[in-house]
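Chemist: My numbering numbers the first residue of the sequence shown as -17 and each following residue consecutively. In this text, a Cβ means the ideal position worked out from N, Cα and C, and glycines have one as well. The structure presented is a predicted model; accordingly, all values stated were derived computationally and were not measured. This is the structure, below, for whatever I ask next.
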Amino acid sequence: MSAQAKPIDVAGDVEALEKPEQAKALATGAGAATVTPINAGVVEPVIDSAADDSAVSSAGSPNNLIKRSVDEIYALMAEVHEIREELLAHGVQFHMLNALIEMGVHEKLVEQAKMVTTAVEASVKAHGPQAIEREELEQHLEEIVALEKDLRHVRHVASQQGVHMQALNHLTQLMRLNPGDRGVQAINTFVAYADAAGVPLDRLEKIREQFKDGPKSVLPDVARENHVKSGDEWIQLGKNVVLGLVLTGIMMWMVVL
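Next up, the structure:
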């Protein structure tokens, strides 16, 4: 019987969510947390593809804020992961790559340039003629930094629109760690376990309703005035203008005298 797996604390850990390979690296270290797959091999989808439309959730709506946010985050994280894997394969060290990306996000370009030199030298040592070129590394870093900024923007906008970011991060992590079915098996199992553990699920419909009618504005909810003025409003405006002109004329006449 293997040792009991330690729980992974991913609450608020945005960086780990964006870099699933970091979880793999930690899993190989001393005292690392262990992620046990629910079912090795081919994952059987939990949701029957032949189910009626009545059984399909409202996620199919193009205006669903949660679906749009999840799709955008999932796609951006996939692009980041692909570029990171290529750089790691060229001998760029894991922790050095993280530092290079962080410097790029915070626009510490001088420090980043120095570390790029070190990263290229390490790549040459590890791979010789197959090492990554400096220009190629810099180009990939620019791409990753742009994607990371897009990720932060998507998360910020979702948060401003009322999305619970900790829950959204957990959801996207489960999807990223189970790319075969985008987390269908793991997520269904998670909800089933919660139900079996006696966690009340009576708020599901209420929470879903918050995001059913499309995206909310990130601007504060301020009542908009009706810009079409009625006849009485125009008359009152005219009176105010005339009164202002009269008062101005009187003041000028008094100054002249």
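1) Buried or exposed for Leu47, going by 16 or more other Cβ atoms inside 10 Å?
2) Taking its Cβ as the centre, do 16 or more other Cβ atoms sit within 10 Å of Asn151, making it buried, or is it exposed?
3) Are the beta-carbon atoms of Ala168 and Leu156 separated by less than 7 Å?
4) Short of 6 Å in beta carbon distance, which residues of its chain neighbour Ala58, apart from the five on each side in sequence? Order them along the chain.
5) Closest by CA to Leu123, which one among Asn222, His63, Asn170 and Val139?
6) Residues in its own chain within less than 8 Å of Leu79 by CB, not counting five upstream and five downstream?
7) Out of curiosity, what's the CA-to-CA distance linking Leu91 and His77?
8) Taking the beta carbon of His72 as the centre, do at least 16 other beta carbons fall within 10 Å, making it buried, or is it exposed?
9) Give the straight-line distance between the Cα atoms of Arg137 and Val52, rounded to the nearest whole angstrom.
10) Since Ile83 and Ile126 should fall inside the 8 Å C-beta cutoff, what is the C-beta to C-beta distance between them, to a whole number of angstroms?
11) Please list the terminal residues of the continuous alpha helix (DSSP H) segment that includes Leu256.
12) When the Cα atoms are used, what is the spatial distance from Ser105 to Met85?
13) Taking a contact to mean a Cβ-Cβ separation below 7 Å, would you say Val98 touches Leu119 in this structure?
14) Would DSSP call Val240 helix, strand or coil?
15) Where do the N-terminal and C-terminal ends of the alpha helix (DSSP H) with Ile83 fall, by residue?
16) What's the C-alpha gap between Gln94 and Ile114?
17) If we ignore side chains and look at the alpha-carbon of each, how far apart do Pro182 and Ala108 end up?
18) Cα-Cα, which of Arg158, Val74 and Ala140 is closest to Glu103?
Modeler: Let me lay it out:
1) Locating residue 47 in the sequence shown gives position 65, where the first residue counts as 1. Result: buried.
2) The count along the sequence shown starts at 1 and reaches residue 151 at position 169. Buried.
3) Walking along the sequence shown from the start, residue 168 turns up at place 186. Walking along the sequence shown from the start, residue 156 turns up at place 174. In this structure, Leu156 lies closer than 7 Å to Ala168 by Cβ.
4) By 1-based counting over the sequence shown, the position of residue 58 is 76. The sequence shown places Leu at residue 58, rather than the Ala named in the question. Hits under 6 Å: Leu129, Asp132 and Leu133.
5) Start at 1 with the first residue of the sequence shown, and residue 123 comes out as number 141. Among Asn222, His63, Asn170 and Val139, the Cα nearest to that of Leu123 is on His63.
6) Position 97 of the sequence shown holds residue 79. Here the set comprises Arg66, Leu69, Leu70 and Ala101.
7) As a first step, residue 91 is located in the sequence shown; it is residue number 109 there, counting from the start. As a first step, residue 77 is located in the sequence shown; it is residue number 95 there, counting from the start. Rounded to the nearest angstrom, the two C-alpha atoms are 18 Å apart.
8) Numbered from 1 along the sequence shown, position 90 holds the residue referred to as residue 72. Result: buried.
9) Reading the sequence shown from its first residue, position 155 is the one you call residue 137. Reading the sequence shown from its first residue, position 70 is the one you call residue 52. About 10 Å.
10) Taking the first residue of the sequence shown as 1, we reach residue 83 at position 101. Taking the first residue of the sequence shown as 1, we reach residue 126 at position 144. The Cβ separation is near 5 Å, so the contact holds.
11) Residue 256 lies beyond the range of the chain shown here (-17 to 239); nothing can be said about it.
12) The residue given as residue 105 occupies position 123 in the sequence shown. The residue given as residue 85 occupies position 103 in the sequence shown. Roughly 19 Å separates the two Cα atoms.
13) Residue mapping note: residue 98 aligns to position 116 of the sequence shown, counting from 1. Residue mapping note: residue 119 aligns to position 137 of the sequence shown, counting from 1. Yes; because the gap between Cβ atoms is below 7 Å, this pair is in contact.
14) Not covered by the structure: residue 240. The range shown for the chain is -17 to 239.
15) The residue you call residue 83 lines up with position 101 of the sequence shown. Run containing Ile83: Phe76 to Val87, per the alpha helix (DSSP H) assignment.
16) Residue 94 sits at position 112 when you count from the first residue of the sequence shown. Residue 114 sits at position 132 when you count from the first residue of the sequence shown. Approximately 16 Å, taken between the alpha carbons.
17) On the sequence shown, position 200 is the one that residue 182 refers to. On the sequence shown, position 126 is the one that residue 108 refers to. Whole-angstrom Cα-Cα distance: 54 Å.
18) As a working mapping, residue 103 is identified with position 121 in the sequence shown. Looking at Arg158, Val74 and Ala140, the one whose alpha-carbon comes closest to that of Glu103 is Val74.
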